[in-house]
Amino acid sequence: MSSSFPLFPPSASSVSTEMDLLYLFIIAVCAFFTILVVALVVYFTLKYKRQHDTDVGEPIHGSIALELTWTIIPLILSLVMFGWGASLFYRLSRPPADAMDVMVVGKQWMWKIQHPEGVREINELHVPLGRNVRITLGSEDVIHDFAIPAFRVKMDAVPGKFTTLWFNATELGTFHIYCQQYCGTRHSGMMGAVVVMTPQDYEAWLAGGRSTGTAVQNGERLFADLSCITCHKADSTGRGPTLIGVYNSRVTLADGRTVVADENYLRESIMNSQAKVVQGYQPIMPVFQTQISEENLMQLVAYIKSLKPAEKKQP
Amino acid sequence: MTQERHSYLDEPYGLKAWLLTRDHKRIAMLYLVSITFFFMLGGLFAAGIRLELLTPKGDIWTADTYNKLFSMHGVIMVFFFLVPSIPATLGNFLMPIMCGAKDLAFPRINLLSWYLYVIGGIIALVVLAMGGIDTGWTFYTPYSSLSSNTNVTLAIVGVFVAGFSSILTGFNFIVTVHRMRAPGLTWFRLPLFVWAQYATSLVMILGTPVVAITLTLVAVERSLHLGIFDPKLGGDPVLFQHLFWFYSHPAVYIMILPGMGVVSELVAAMARKAIFGYGFVAASSLAIAILGFLVWGHHLFVSSQSVYAGMVFSIITMLVAVPSAVKTFNWAATLYKGSISWESPTFYIVGFMGLFLIGGLTGLFLATMGLDIALHDTYFVVAHFHYIMVGGAIMAFLGGLHFWWPKMTGRMYNEALAKTSAVLVFVGFNFTFFPQFILGYLGMPRRYYSYPDELQVWNVLSSAGASVLGLGYTLTFCYLVYSLFKGELAPANPWGAKGLEWTTSSPPPTFNFDTDPIVTEPAYDYKPHGTEVTVG
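Sequence lines, in order, name chains A and B.
Under our numbering, think of the first position of the first sequence as 323, with each following residue one higher.
Under our numbering, think of the first position of the second sequence as 71, with each following residue one higher.
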């Protein structure tokens, strides 16, 4: 839609149509009430214009029936908006299981992007058409926000944790990426582009890119380099718990609580290992806060997530 | 009746008499002068912003200067203009008179509150002279606490000090309403302006300390490097957003509730008719004040807050729409079979209704979680809150100023110019901010110094509208100042309105009433055939 007075951004993802419908629905409701009230106010002002200096209005003091009407109707309409909005939000907060994982790190003032196959790019994101893509967001400094209006998606990149968003591109082309959270001098310089390609073109593009190993491979190397491997062994003989199959499992902590070992748990356990110690182990792991970059952290987590319990035998 | 007698304006003249006054009316005038100064300053920064956004490329200012322009625009307009605007001027002037009292409960504390405001304002000016700040008025961490190298700490001190002035004003109003009402003035005979100010005062007292503490924590983290909000030091950046919006969302109601009170008064007086559903309008002020404290999380839908917390905040936000809708419908219904004057205050209330409706209803877009993903932190948000704060609050403030100007100054202004400027402000405002809704859905982020070419057309419209808006405000300023010196002398009750303030002379004597009033009738008790209404 490239008219000279554009009203909508390009509609290029599996949710953009529903988002536009929700937007139009609320516009319709609001326009109705705005026009109704403004028309009444203007009509009354014209019709009941004061004729003589001493005139007063009629002594009407209210009506319970009317008050209830204009309490209940807005209430119902706003609850419909809530329900639809909450449902859409919920679906957008749950990435499909088959989504490909792309890592994006915001830093003042650029987006650093890494594909699962290890190809990296800056401020530009190439994605295949029609595939679910899950973005894991991190930040190296302040809060940023990764937004693609054509896909109607957006999420803050918050330092100290991972956040996610997902989309499924339905149109080929190039669309804007914006940083939507003010982050300092060159905030508006954190504009980028997402390039949607056919799956074949995407494969060709990947093959032409310079890969420094897949995220999992890099994570595995870091796992050795940082000596994680000396304690977190494949079996339970190490001084730390085995990490095979730990992702998304329930772990019992030293204080008796159980938590789900999701990405943010893994992250916290690396950066600030003393925060949630697994039951039966000593709090001897070093704290890696400030020693691992956000990208390396994502690679480590990708590696730990890849440790599937398939080959795990009874110890 | 000749007004050769004493009025509060002509007792002792001289700077000292004014600066040491304990008269709530003089303090209101001191506030009026100071907030006008800050409004002009904030408006100047807005002009700088709109000038830059005329073209997609960053060309007039540097990126850093631009960031400082919108930050100082926000800080000054929110903390030094909007928060004190109606309460400290119209509220200060009218609350004791509407209660039939000689002054506020604590006149010295009232003066102290103005001094605190001025000290806070001077600190803000010092910050400005030292180069300003670049954090936005929201001071989001960890940018504000560890990344920005501007004078954030000093700016925080300024906001902190000014915050106490608003706490003291709120405290003074609450005590006055409880303890100083005239005989016969029961709670349900109070003008709705008093109800709205009362609700506002509750928010001021309960909310302001939280923002003061939050900003202090930012200053502490900046200077002592304690880990509070910065994750590198073990803090949580989102914690700041929770604390900040716990005040700053209710602060929106500090800005708009008094405006709603003004509009209730104006609608009743200009239609010479009791407000339709008095009890509902009064109760809706309190409902908004209370619910306003429970919705802060709607600013955090995409900042990693839990989905379920988001749902709770979303649904409570929807509930705020209900009392706001109730008020609007009641104002419209009040006009039905009224006797509607076409004098300038009516122009302002009709304008207010249109703009406030759009401002309030666009809040529903943002409260709808799914849609907020598309709109969060875009120009849609900028347009929405300007419709509330400028379209709503400033329009109501100007309406109130025109309505009570004869009472406050004893002078009439030029009616034709007043109508012209009301129309200019309305038209200019819509041209400035309506295009920003469209820019928002197109995805234009807030606080962008440069933007893609295809968004230019709406930005040009917006900047053009801003110049009309600026013209409207300038015109208002000119004829009001002119009227101070050359305006016709105002009668005690130029509108033929009900209310205790219209029973005393214009301007009122130092202690408001020559004989202590006794109230025997409900508010807005307009009797047919002009038996009680005397014009002039």
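For glycine and all other residues, C-beta sits at the position ideal for the given N, C-alpha and C.
Please decide whether residue i counts as near chain A, where near means a Cβ-Cβ distance under 8 Å.
i, result
"residue 397 of chain B", "no"
"residue 572 of chain B", "no"
"residue 133 of chain B", "yes"
"residue 558 of chain B", "no"
"residue 678 of chain B", "Nothing can be reported for residue 678 of chain B: it is not among the residues displayed for chain B, which extend from 71 to 606."
"residue 138 of chain B", "no"
"residue 392 of chain B", "yes"
"residue 611 of chain B", "Nothing in the structure corresponds to residue 611 of chain B, since chain B is present only between 71 and 606."
"residue 319 of chain B", "no"
"residue 308 of chain B", "yes"
"residue 439 of chain B", "yes"
"residue 388 of chain B", "yes"
"residue 323 of chain B", "no"
"residue 178 of chain B", "no"
"residue 598 of chain B", "yes"
"residue 516 of chain B", "yes"
"residue 489 of chain B", "no"
"residue 561 of chain B", "no"
"residue 576 of chain B", "no"
"residue 553 of chain B", "no"
From the DSSP output, which residues share a beta bridge with residue i?
i, result
"residue 442 of chain A", "A:436"
"residue 500 of chain A", "A:469"
"residue 410 of chain B", "A:371"
"residue 398 of chain B", "BP columns for residue 398 of chain B are empty, so no partner."
"residue 286 of chain A", "Coverage of chain A is limited to positions 323 through 637, which leaves residue 286 of chain A absent and any answer about it impossible."
"residue 422 of chain A", "A:455"
"residue 98 of chain B", "Partner(s): none; residue 98 of chain B has no beta bridge."
"residue 515 of chain B", "B:448"
"residue 460 of chain A", "A:427"
"residue 519 of chain A", "A:450"
"residue 479 of chain A", "A:466"
"residue 575 of chain B", "Beta-bridge pairing links residue 575 of chain B to no other residue."
"residue 106 of chain B", "DSSP lists no partner for residue 106 of chain B."
"residue 389 of chain B", "Paired residues: none, contrary to the question."
Should residue i be flagged as near chain B, meaning a C-beta pair shorter than 8 Å?
i, result
"residue 392 of chain A", "yes"
"residue 482 of chain A", "yes"
"residue 584 of chain A", "no"
"residue 367 of chain A", "yes"
"residue 433 of chain A", "no"
"residue 326 of chain A", "yes"
"residue 531 of chain A", "no"
"residue 330 of chain A", "yes"
"residue 356 of chain A", "yes"
"residue 500 of chain A", "yes"
"residue 406 of chain A", "yes"
Does any residue of chain C bring its CB to less than 8 Å from the CB of residue i?
i, result
"residue 477 of chain A", "Absent from the structure: chain C. Protein chains present are A and B."
For this session: Would you list, in sequence order, the uninterrupted alpha helix (DSSP H) runs of no fewer than 4 residues that lie entirely inside the stretch 446-482 of chain B?
Result: 449-456, 465-479
For this session: Tell me, please, whether the stretch 457-469 of chain B touches the stretch 425-443 of chain A by the rule of three or more beta-carbon pairs shorter than 8 Å.
Result: no
Problem set entry | Interface residues of the stretch 442-465 of chain A facing chain B [CB-CB below 7 Å] | 463, 464, 465
For this session: Below 8 Å between beta carbons is the criterion; list the residues of the stretch 360-385 of chain B that meet it against any residue of chain A, in chain order.
Result: 371, 372, 373, 374, 377, 380, 381, 384, 385
Problem set entry | Positions along the stretch 601-630 of chain A whose CB lies within less than 8 Å of some CB in chain B | 611, 612
For this session: Evaluate contact between the stretch 622-631 of chain A and the stretch 540-548 of chain A, counting only Cβ atoms and requiring at least three cross-stretch pairs below 8 Å.
Result: yes
Exercise. Which residues, in order along the stretch 411-436 of chain B, keep a beta-carbon less than 8 Å from a beta-carbon of chain A?
Worked result: 411, 412, 416, 420, 423, 424, 427, 428, 431, 432, 434, 435
For this session: Any chance you could list the alpha helix (DSSP H) runs of at least 4 consecutive residues sitting entirely within the stretch 260-325 of chain B, in chain order?
Result: 262-294
For this session: Would you mind listing the beta strand (DSSP E) stretches within the stretch 525-553 of chain B that are 3+ residues and don't spill past its ends, in chain order?
Result: none
Exercise. Per the contact definition of three or more C-beta pairs closer than 8 Å, is the stretch 518-526 of chain B in contact with the stretch 475-487 of chain B?
Worked result: no
For this session: Just list the alpha helix (DSSP H) runs in the stretch 145-207 of chain B, keeping only unbroken ones of 4 residues or longer that don't cross its boundaries, in chain order.
Result: 153-156, 162-168, 177-199
Exercise. Along the stretch 446-474 of chain B, what residues have a CB closer than 8 Å to any CB found in chain A?
Worked result: 446, 447, 448
Exercise. What are the start and end residues of each continuous alpha helix (DSSP H) run of 4 or more residues lying completely inside the stretch 339-388 of chain A, in chain order?
Worked result: none
Exercise. Taking three-plus beta-carbon pairs below 8 Å as touching, is the stretch 149-157 of chain B in contact with the stretch 127-138 of chain B?
Worked result: no
Exercise. What are the residues of the stretch 321-352 of chain B that lie near chain A, defined by any Cβ-Cβ distance shorter than 8 Å?
Worked result: 341, 342, 343, 344, 346, 347, 348, 349, 350
Exercise. Considering only residues of the stretch 541-611 of chain A, which uninterrupted alpha helix (DSSP H) runs meet the minimum length of 4 residues and lie entirely inside it, listed in chain order?
Worked result: 585-593
Problem set entry | Inter-stretch contact at 8 Å, needing at least 3 Cβ pairs: the stretch 357-373 of chain A / the stretch 321-335 of chain B | no
For this session: Examine the Cβ distances between the stretch 334-345 of chain B and the stretch 405-424 of chain B and report whether three or more of them are shorter than 8 Å.
Result: yes
Exercise. Counting Cβ pairs closer than 8 Å, one from the stretch 244-260 of chain B and one from the stretch 182-193 of chain B, do we hit at least three?
Worked result: no
Exercise. For the stretch 333-356 of chain A, which residues have a beta carbon sitting closer than 7 Å to at least one beta carbon of chain B?
Worked result: 341, 344, 345, 348, 352, 355, 356
Exercise. For the stretch 231-247 of chain B against the stretch 274-285 of chain B, are there 3 or more C-beta pairs whose distance is under 8 Å?
Worked result: yes
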